[in-house]
Amino acid sequence: MTGDTTGSGLRAPLTGSTAPCWVNLMTRDLESAQKFYGAVMGWTFRQGRLGREFAVARRGDVPVAGLGAVATAYRVAVAWTPYFAVRDADAAAGRIRERSGTVAVGPLTLSKGRGALAADRDGASFGIWERTAPTTPPPSPHGRSHAWLRLRTRNAFDAAIFYGEVLEWASGRPGACEVGYEKDEVIVRCGGRQLARIGSGAVEAAPDPLVRPHWQVNFPVDDLAAAVATARDHGGSLVEELSRPEGHEATLVDPEGGLFTLTDSGSS
Numbered sequence: 030m031t032g033d034t035t036g037s038g039l040r041a042p043l044t045g046s047t048a049p050c051w052v053n054l055m056t057r058d059l060e061s062a063q064k065f066y067g068a069v070m071g072w073t074f075r076q077g078r079l080g081r082e083f084a085v086a087r088r089g090d091v092p093v094a095g096l097g098a099v100a101t102a103y104r105v106a107v108a109w110t111p112y113f114a115v116r117d118a119d120a121a122a123g124r125i126r127e128r129s130g131t132v133a134v135g136p137l138t139l140s141k142g143r144g145a146l147a148a149d150r151d152g153a154s155f156g157i158w159e160r161t162a163p164t165t166p167p168p169s170p171h172g173r174s175h176a177w178l179r180l181r182t183r184n185a186f187d188a189a190i191f192y193g194e195v196l197e198w199a200s201g202r203p204g205a206c207e208v209g210y211e212k213d214e215v216i217v218r219c220g221g222r223q224l225a226r227i228g229s230g231a232v233e234a235a236p237d238p239l240v241r242p243h244w245q246v247n248f249p250v251d252d253l254a255a256a257v258a259t260a261r262d263h264g265g266s267l268v269e270e271l272s273r274p275e276g277h278e279a280t281l282v283d284p285e286g287g288l289f290t291l292t293d294s295g296s297s
């Protein structure tokens, strides 16, 4: 994991090819997903190294997210999923199972690393990624995060212990993420910047997907109202709007049912 600064003086991004986390959309129609997120986020796309069913979203020249038309093949829901960097994917998969989590796919060797798709013991899906090929981390555009995360879970402190042990957070190793507590939330920071907030109150059997345990991917945008309007114009729907202490945010669903959140760029 990386929390170092780059040669440009900007902190390394929290999400990206060499960062603590990478976010990936599992979708059914890659072309339609690119059109939607290109319009809403202003991203451009390049074919991924894994073939025509994969694409890498870019903000300028910086890779910010992955998209893969794999939801049908892997029989999983259309969803945004965080993949967390680990030193050893096989060892991390073992730690997931030992702590009553589930490894659904992998670890598999894919392009420049090894990855696995998993779920924690409350059912929230996430991935792990061991990078095996060296690369140079790009700077974060405008010195801000590409994305940050929120975990809605049954018990924030139990979840923090699970992920801390699986991902070696707060281990004291160089570059490891740090875990702290603010009011009723667990805050995960890497290199001094917020990567994730973990909050309690999710209900595993709830019919509402916003209430069930899940990782919520937040993308910062410069103009939240304009981005929401563009999403609606391109077939998306607004699910929820909230004003939080860290900023205003809107949760939407894309045309295929994938949930994502847009937040004021100043709160990232």
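Per this note's numbering, the very first residue in the sequence shown carries number 30; after that it's consecutive.
Glycine is no exception: its CB is placed at the ideal position from the N, C-alpha and C atoms.
Only buried fits residue 245, as 16 or more other CB atoms lie within 10 angstroms of its CB. In the DSSP annotation of this structure, the continuous segment of the alpha helix (DSSP H) that includes residue 67 starts and ends at 59 to 70.
The shortest CA-to-CA distance from residue 229 to any of 251, 180, 257 is the one to 180. From the listed residues 292, 125, 99, the smallest Cα separation to residue 57 is found for 99. Cβ-Cβ distances below 6 Å link residue 149 to 130, 191 in the same chain, with the five nearest sequence neighbours on each side left out; the list follows chain order. Where residue 153 is concerned, there is no enclosing beta strand (DSSP E), because DSSP gives it neither an H nor an E.
Residue environment for residue 236: exposed (fewer than 16 other C-beta atoms within 10 angstroms of its C-beta). For the pair residue 61 and residue 284, the CB atoms are nearer than the 8 Å cut-off. By the C-beta density criterion, residue 162 is exposed, having fewer than 16 other C-beta atoms within 10 angstroms. Per the coordinates, the alpha-carbon of residue 121 lies some 25 Å from the alpha-carbon of residue 247. Take residue 119, set aside five residues on each side of it, and the residues of its chain with a beta-carbon closer than 6 Å to its own are 136, in chain order. Per DSSP, reduced to three states, the secondary structure at residue 138 is strand. The residues 74, 84, 96, in chain order, have a CB closer than 7 Å to that of residue 63 in the same chain once the five nearest residues on each side in sequence are set aside.
Of the other Cβ atoms in all chains shown, fewer than 16 fall within 10 Å of the Cβ of residue 234; this residue is therefore exposed.
Membership of residue 193 in the alpha helix (DSSP H) is indicated by the continuous run 185 to 196. Within the DSSP secondary-structure output, residue 219 pairs in a beta bridge with 222. Within the same chain, 112, 118, 135, 136, 137, 156, 157, 158, 159 come within 8 Å of residue 144 by CB-CB distance, once the 5 residues on both sides are set aside. In this structure, residue 249 sits near residue 294, with a CB-CB distance shorter than 8 Å. Taking a 10 Å sphere around the C-beta of residue 255, we find fewer than 16 other C-beta atoms and assign the residue as exposed. A residue is called buried when at least 16 other Cβ atoms come within 10 angstroms of its Cβ; residue 186 does not meet this threshold and is exposed. In this structure residue 208 touches residue 193 by the C-beta definition: roughly 6 Å separates them, less than 8 Å. For residue 127, no beta strand (DSSP E) segment is defined; the enclosing uninterrupted segment is the alpha helix (DSSP H) at 118 to 127. With fewer than 16 other beta carbons inside 10 angstroms of its own, residue 232 counts as exposed. According to the DSSP assignment, residue 293 belongs to the beta strand (DSSP E) that extends over 288 to 293.
Closest in C-alpha terms to residue 252, from the list 53, 69, 197, comes 69. Separation of the CB atoms of residue 205 and residue 198 is rounded to 6 Å, and the pair is thereby assigned contact status at 8 Å.
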